[in-house]
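Peer 1: Residues in the sequence shown are numbered from 196 upward in steps of one, following the numbering used here.
Have a look at this one.
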Amino acid sequence: MKILYSLFTFIIMISNSFNSPAQNNSSKILVAYYSYSGNTKIVAEQIQKGTDGDIFEIQPVESYPKDYQEVVDQAKKEINNNYKPELKTKVKDIEKYDVIFVGSPCWWATIAPPVATFLSSHNLSGKTIIPFMTHEGSRMGHTENDIKTLCPKSKVLNGLPIRGSQVKQAEGDVMKWLEKIGMLKK
């Protein structure tokens, strides 16, 4: 009977380890984000609070226009041309991170060009990438597939979309999501 119980316990432990896509036990976490209006920054800070990870703001050398229609036009043009703007800084010690949360506003159903620059300018091979997006109706768009294309040697998990107008009330949803994917700090 003891052997049967031990075997059952072992099987449960093994199956639980496969159910959680990422483990927060010893993973070094980075929360990297680009925020145009401040919404993505709020979600990034909530994720940082829930994971106890490091935080990094992705900043293009040239800021986007303040006028909404101008930024919409510029973003559409950049995305259609696969343009990757130069960034002010890079993460110097990216190799120390196992898990990288990547946040962006959803522009034309994908990540903002500065995020594409961030992903393509760092070696993220073997890392787990977890996207999160702020949006006003498009949810994740085709972000996950676009990130997989930019980071083919990384594991890309399903992301979290948060409506931009609701980011200040989203912390509970963010914490539930972090717990679900096994990343909520203990």
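Even for Gly, the Cβ is constructed at its ideal location relative to N, Cα and C.
On a predicted model such as this, the values are computed, not experimentally measured, just so you know.
Ignore the nearest five residues each way along the sequence and tell me which others in Val266's own chain have a CB closer than 6 Å to its CB.
Peer 2: Taken in chain order, the residues that qualify are Tyr259, Pro260.
Peer 1: How would you label Glu339, buried or exposed, when you count the other beta carbons within 10 angstroms and need 16 or more for buried?
Peer 2: By the 10 Å Cβ count, Glu339 comes out buried.
Peer 1: How many angstroms separate the CA atom of Lys371 from the CA atom of Lys285?
Peer 2: The straight-line gap from Cα to Cα measures roughly 30 Å.
Peer 1: In three-state terms, what does DSSP make of Ile250?
Peer 2: DSSP places Ile250 in strand when its eight states are reduced to three.
Peer 1: Here's the rule I'm using: 16 or more other beta-carbon atoms within 10 Å means buried, otherwise exposed. How should Gln241 be labelled?
Peer 2: Gln241 is buried by the Cβ-count criterion.
Peer 1: For the beta strand (DSSP E) containing Met328, name the first residue and the last one.
Peer 2: Note, Met328: beta strand (DSSP E), 323-330.
Peer 1: By DSSP's criteria, Ala239 is part of a beta bridge. Which residues make up the other side?
Peer 2: According to DSSP, which records beta bridges pairwise, Ala239 is partnered with nothing at all.
Peer 1: Would you mind reading off the limits of the beta strand (DSSP E) that contains Tyr263?
Peer 2: Here Tyr263 belongs to no beta strand (DSSP E); instead the alpha helix (DSSP H) covers 263-275.
Peer 1: Specify, as a first and last residue, the run of the alpha helix (DSSP H) that Ser258 falls within.
Peer 2: It is not in any alpha helix (DSSP H) - Ser258 carries neither H nor E in the DSSP assignment.
Peer 1: Using the three-state DSSP reduction, which class does Pro356 fall into: helix, strand or coil?
Peer 2: Pro356: strand per DSSP, three-state reduction.
Peer 1: In angstroms with no decimal places, state the Cα-to-Cα distance between Asp293 and Leu225.
Peer 2: Distance between the alpha carbons of Asp293 and Leu225 is about 8 Å.
Peer 1: Give the straight-line distance between the Cα atoms of His384 and Ile289, rounded to the nearest whole angstrom.
Peer 2: A question about residue 384 goes unanswered here, because the residues of the chain that appear run from 196 up to 381.
Peer 1: What is the residue span of the beta strand (DSSP E) that Pro347 lies within?
Peer 2: That residue, Pro347, is in no beta strand (DSSP E); it is neither H nor E in DSSP.
Peer 1: Taking C-alpha atoms, which residue in Ser360, Asp341, Gly359 lies nearest to Leu352?
Peer 2: Taking only the C-alpha atoms, the option nearest Leu352 is Asp341.
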